[in-house]
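Comments concern the structure below.
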Amino acid sequence: MNKANMGRPTKRASRMRQRRLNETSEDHEKRLSQSRKTTAKAILNENSEKREKRLSQMRTYMKKVLDSENLKRRTYRLGLIRDRLSNETEEQRTHRLSLISDRLSNETQKQRAHRLTDSLG
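Residues 1 to 121, numbered by full-length UniProt numbering, are exactly what the sequence shown covers, in order.
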């Protein structure tokens, strides 16, 4: 790629952006639904090596995003989380906590150590 094209969107990217600007909310939801289905299929068919690679990339990306977020953005994000949790019903809260409990009770010592090490940064 030469320097003249650096930072400039490709024709394909420009067309996609234009198409998305013109799509209806139904088209938008249909596109996202199809994307979710494709992703779900790919996740179901991945082996443990691919899964670990995908999750590792996600962790690395999220760490980078969170490390670079400014105080205003962090405050806003935490406010959204607080609002969501304060508006959840008792049934939703119980369900969320049971999922966490199940996940934690099924993790191996190695997984637990990895999770705790990652959370310390």
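The C-beta atom is built at its ideal place from N, Cα and C for all residues, glycine as well.
In this text the structure is predicted, and so the values were computed from the model without any measurement.
Span of the alpha helix (DSSP H), counted from its first residue to its last, around E26:
Counting from one through the sequence shown, the residue named residue 26 turns up at place 26. For E26, the enclosing alpha helix (DSSP H) begins and ends at S25 to L44.
CB of R36 within 8 Å of CB of E46, strictly:
The residue you call residue 36 lines up with position 36 of the sequence shown. The residue you call residue 46 lines up with position 46 of the sequence shown. Not closer than 8 Å, so no.
For N106, name the three-state secondary structure that DSSP assigns.
Here residue 106 refers to the residue found at position 106 when the sequence shown is read from its first residue. Helix.
Put E88 into one of helix, strand or coil per three-state DSSP.
As a working note, residue 88 is residue 88 in the sequence shown. E88 falls in the coil class under three-state DSSP.
Quick check on the DSSP output: the alpha helix (DSSP H) that includes R59 runs from which residue to which?
By one-based count along the sequence shown, residue 59 stands at place 59. Segment S48 to S68, the alpha helix (DSSP H) holding R59.
Going by DSSP, what residue range makes up the alpha helix (DSSP H) through R19?
Position 19 of the sequence shown, counted from the first residue, corresponds to residue 19. R19 -> alpha helix (DSSP H) spans K11 to N22.
Pick helix, strand or coil for R8, following the three-state DSSP scheme.
Numbered from 1 along the sequence shown, position 8 holds the residue referred to as residue 8. Three-state result, R8: coil.
Using C-beta distances below 6 Å, list every residue in its chain close to E88, excluding the 5 sequence neighbours before and after it, in chain order.
Along the sequence shown, one-based indexing puts residue 88 at 88. Residues of the same chain with their beta carbon placed closer than 6 Å to that of E88 are lacking, with the five preceding and five following residues left out of the count.
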